[in-house]
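These notes are about the structure you will find just below.
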Amino acid sequence: KAGVTQTPRYLIKTRGQQVTLSCSPISGHRSVSWYQQTPGQGLQFLFEYFSETQRNKGNFPGRFSGRQFSNSRSEMNVSTLELGDSALYLCASSLFSGAGTEAFFGQGTRLTVV
Amino acid sequence: QQQVKQSPQSLIVQKGGISIINCAYENTAFDYFPWYQQFPGKGPALLIAIRPDVSEKKEGRFTISFNKSAKQFSLHIMDSQPGDSATYFCAASITAAGNKLTFGGGTRVLVKP
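Sequences listed follow chains A and B, in order.
Position in the first sequence (first residue = 1) + 871 = the numbering used here.
Position in the second sequence (first residue = 1) + 20 = the numbering used here.
Here it is as structure tokens:
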């Protein structure tokens, strides 16, 4: 069974640019959550999508957005990149939303903003 | 507001010893408490999880202890092995509100041979 696939694995962007990250969840999983991981702030929740609808949103500015497609694949977009957006972005896939269903994480996309 | 506080930030333990990591939470609506293990270059992986109606859960060498009244829970790694060297995160969520996980700050564990 294939795991969670995140692409690309590494990305270097310039301040002010925008970026799109992709996440393919485990087959059959309908919930995709995104997290930002930095040494200073740790793991912070960005948002969750379930059946193409945003179910939860973390405390991030509107520059961070996401969407989910009918095949459950998800993308997140960051516009007007800032140096502080440099982080590991992790996607987590779950069968359902809620009820303590296990979250399976991908290896992440390492974004560097210069 | 940091809703889940984790300690210590790092710990070194000898092979065969016990690693103990503690977490405290503030939001009494949390009802699902998983622990994740993360190796460098990898995403976190679920280790073990507990719900507040249970005071202890054991899976192999890993045990979670849960104290609802104190709003604290801890992970014990028995007979620690060098392969256990990783960063461990506690987390909490409100299961009725979806899959949003609130993570602790992480504990870097080094097991010396």
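A virtual CB, placed ideally from N, CA and C, is assigned to each residue, including glycine.
Please read these numbers as outputs of a predicted model, since none were measured by experiment.
| Check | Outcome |
| --- | --- |
| Is DSSP giving A/Leu954 helix, strand or coil here? | helix |
| What number of angstroms, rounded off, separates the C-alpha of B/Ala116 from the C-alpha of A/Arg886? | 38 Å |
| Measure the alpha-carbon distance for B/Leu130 versus B/Leu31 and round it to whole angstroms. | 6 Å |
| Strictly below 9 Å CB to CB, what residues from chain B border A/Phe921? | Gly118 and Asn119 |
| Tell me the rounded alpha-carbon separation between A/Trp903 and B/Lys77. | Position check: residue 903 of chain A holds Val in this sequence, whereas Trp was assumed. Each residue's Cα considered, the two are about 27 Å apart. |
| With 8 Å as the limit, tell me which residues of the segment 64-93 of chain B have their beta carbon closer than that to any beta carbon of chain A; keep them in chain order. | Pro64, Ala65, Leu66, Ala69 and Arg71 |
| Report buried or exposed for B/Ile38, applying the criterion of at least 16 other Cβ atoms within 10 angstroms of its Cβ. | exposed |
| If I'm right that A/Ala974 touches B/Leu66 with Cβ under 8 Å, what's the distance once you round it to whole angstroms? | 7 Å |
| Determine whether the beta carbon atoms of A/Gly977 and B/Gly63 lie at a separation below 7 Å. | yes |
| B/Glu46 to B/Ser113, Cα distance in whole Å? | 12 Å |
| Beta-carbon of A/Gly969 versus every beta-carbon of chain B: anything under 7 Å? | yes |
| Quick one: list the residues of chain B neighbouring A/Glu953, beta-carbon separation under 7 Å, in chain order. | Residues of chain B passing the Cβ test: none, with the nearest at roughly 22 Å. |
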